[in-house]
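> Residues 479 to 605 (my numbering) make up the sequence shown, in order. Even for Gly, the Cβ is constructed at its ideal location relative to N, Cα and C. First, the structure itself, so that you have it in front of you.
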Amino acid sequence: MNKRIILIVFLLTNLFGFTQNEGNDLIGNWQTNDKIYLIKIFKENNQYQATIYSIKGKIVEKKKNNIWDLKFNPDKKIWENGKLQLPDMKHSVDCQIKMSNKNEAIILGYHGIKFLGKERKMKRINE
Numbered sequence: 479m480n481k482r483i484i485l486i487v488f489l490l491t492n493l494f495g496f497t498q499n500e501g502n503d504l505i506g507n508w509q510t511n512d513k514i515y516l517i518k519i520f521k522e523n524n525q526y527q528a529t530i531y532s533i534k535g536k537i538v539e540k541k542k543n544n545i546w547d548l549k550f551n552p553d554k555k556i557w558e559n560g561k562l563q564l565p566d567m568k569h570s571v572d573c574q575i576k577m578s579n580k581n582e583a584i585i586l587g588y589h590g591i592k593f594l595g596k597e598r599k600m601k602r603i604n605e
C-alpha cells in the first residue's frame, strides 16, 4: 500500500514538472516573419510576458510589456487568456500563442472572437 502511494506521488510530481517545462518552451527571443518586430518572451509570477525591443531594426527606447497575463494550458498546448498591445495601438486586445514547433509560433490577437482575429507568425532567434 505504501509503495503504491509513493509511486503515485512520484508520477504526479514528474507529470507536473513536465508540464511546467513544456510551458517554458516559449521563453526566448523571437522575430516576426515580416521582420518588423523583435520580441523577448519571459516568465514572471507564473505568467508569460513579452516586450518588443526592436521595431524595423530600431531599438525601442521605452520598453514595456506588450504581451502580458498569458497562461500555459497543457491540455491545449497553447498560451492563452493574455493581452496584447502593439506600440501603434491605442488599446489592448485578447491574445494567445501556439507553437508550431520549438522554433516557430503563431500569435493571435482578437477582440472577443478568435475567428475574426489576426495572426502573426514568428521564429525563434538566438540573441
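1) Give me the residue from 589, 507, 598 and 527 with the minimum Cα distance to residue 569.
2) To which residues of the same chain is residue 604 closer than 8 Å at the C-beta, ignoring the five residues directly before and after it?
3) Just verifying my parser: in three-state terms, what is the DSSP assignment at residue 501?
4) Do you know how far the Cα of residue 539 is from the Cα of residue 678?
5) Express the C-alpha separation of residue 545 and residue 527 in angstroms, rounding to a whole number.
So, to answer that:
1) Of the residues 589, 507, 598 and 527, the one whose Cα lies closest to the Cα of residue 569 is 589.
2) Correct list, in chain order: 507.
3) Residue state, collapsed to three classes: helix.
4) Because the chain spans 479 through 605 in this model, residue 678 falls outside it and cannot be assessed.
5) Across the structure, residue 527 and residue 545 are spaced so that their CA atoms are roughly 5 Å apart.
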